[in-house]
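Quick note, the sequences are listed as chains A and V, same order.
Each residue of the first sequence is one higher than the one before, starting from 59 at the first, in the numbering used here.
Each residue of the second sequence is one higher than the one before, starting from 64 at the first, in the numbering used here.
Don't be surprised by glycine CBs; every beta carbon is placed ideally from N, CA and C.
All figures in this text were calculated on a predicted structure; none of them were measured in a lab.
For reference, the structure discussed in these notes is given below.
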Amino acid sequence: MAGHTVTRAELSEAVYREVGLSRNESSELVDTVLDEIASCLSQGETVKISSFGSFQVRQKSGRMGRNPKTGDEVPIEPRRVLVFRASQVLKARINAALAKLR
Amino acid sequence: MIKSELILRLAERNPHLYHRDIERVVATVFDEISAALARGDRVELRGFGAFSVKQRPARVGRNPRTGSAVEVAEKCVPFFKTGKDLRERLNQPAGGDA
Chain A
59 MAGHTVTRAE LSEAVYREVG LSRNESSELV DTVLDEIASC LSQGETVKIS SFGSFQVRQK
119 SGRMGRNPKT GDEVPIEPRR VLVFRASQVL KARINAALAK LR
Chain V
64 MIKSELILRL AERNPHLYHR DIERVVATVF DEISAALARG DRVELRGFGA FSVKQRPARV
124 GRNPRTGSAV EVAEKCVPFF KTGKDLRERL NQPAGGDA
């Protein structure tokens, strides 16, 4: 799988093509979209994008971990992690498309 | 925050743009990511995270109600790995709106 990696540049190019704003503005808008999502998440708020998926922040408590190489005990601090849950629409789209490829 | 609220925030930050265009920007971004994943491609957004597709092999599952064995076909699931900058931003002490 994963033949190709899509980057910000390609998203900007798609916005430029689809919306018809300048390349510069398209690229700034893509950054702004991601930045707004990140800023919302950093305040612990869930972000839901319908027919795409939702991003949720989860609080993990601290625990003792181990360095798997040396076996040393290492404390893992309490932290916040981000989980992405894909919507049914996105899952269905991926499976329908990949079934066709096979 | 839901998609329509995201569009409103972007509109506030870009008063010179048509609301309709901002809606199309947001739709295009998520549609491009979805299309890439549907092709089996990865999407890497530096500082934010990376979307990829993982393959789950066929397995024998169980109907939790009846306990009977059911064949579950091979499938693909989208996966997101948080980027380094975003991970650090989530853990900034002040709730971190940089």
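Alpha-carbon to alpha-carbon, residue j and residue i
i: V:Gly-146; j: A:Arg-66; result: 14 Å
i: A:Leu-69; j: A:Gly-129; result: 44 Å
i: A:Leu-79; j: A:Val-73; result: 8 Å
i: V:Asp-160; j: A:Glu-135; result: The pLDDT assigned to V:Asp-160 is 47, lower than 50, so where the model puts this residue is not dependable; a value taken from the coordinates is nonetheless given after this. So the alpha carbons of these two residues sit roughly 21 Å apart.
i: V:Ser-67; j: A:Glu-103; result: 15 Å
i: A:Leu-148; j: A:Gly-111; result: 7 Å
i: V:Gln-118; j: V:Pro-78; result: 43 Å
i: V:Leu-153; j: A:Leu-87; result: 22 Å
i: V:Val-92; j: A:Arg-75; result: 12 Å
i: A:His-62; j: V:Arg-105; result: 6 Å
i: A:Glu-94; j: A:Gln-114; result: 14 Å
Contacts of residue i in chain A (Cβ-Cβ under 8 Å)
i: V:Asn-154; result: Arg-137, Arg-138
Closest by C-alpha distance to residue i, when choosing among the options
i: A:Ala-96; options: A:Val-141, A:Ala-155, A:Val-147, A:Asn-153; result: A:Val-141
i: V:Glu-134; options: V:Glu-86, V:Val-123, V:Phe-143, V:Asp-94; result: V:Val-123
i: V:Ala-90; options: V:Phe-114, V:Pro-120, V:Ile-70, V:Lys-144; result: V:Ile-70
i: A:Pro-133; options: A:Ser-119, A:Gln-146, A:Arg-143, A:Lys-127; result: A:Ser-119
Under 9 Å from the C-beta of residue i: neighbouring residues of chain V
i: A:Asn-125; result: Those within 9 Å of A:Asn-125 in chain V number zero; the least Cβ separation is about 20 Å.
Contacts that residue i makes with chain V (C-beta to C-beta distance below 7 Å)
i: A:Ile-152; result: Leu-100, Ala-101, Val-116, Cys-139, Pro-141
i: A:Ile-107; result: Lys-66, Phe-93
Within chain V, partners of residue i - CB distance below 8 Å
i: A:Val-91; result: Leu-69, Leu-73, Val-88, Val-89, Val-92
Under 9 Å by beta carbon: chain A residues contacting residue i
i: V:Thr-129; result: None at all; the shortest Cβ gap to chain A is about 24 Å.
i: V:Val-106; result: Thr-63, Val-64, Thr-65, Glu-68, Leu-69
i: V:Arg-125; result: Those within 9 Å of V:Arg-125 in chain A number zero; the least Cβ separation is about 21 Å.
Whole-number beta carbon distance between residue j and residue i, since they are thought to touch under 8 Å
i: A:Arg-116; j: A:Val-139; result: 5 Å
Any non-hydrogen atom of the ligand ZN within 6 Å of residue i CB
i: A:Gln-101; result: The ligand ZN is absent from the structure shown, which contains no ligands of any kind.
Legend entry - Runs of beta strand (DSSP E) lying entirely within the segment 93–152 of chain A, each at least 3 residues, in chain order: 105–107, 111–118, 121–124, 131–134, 137–144
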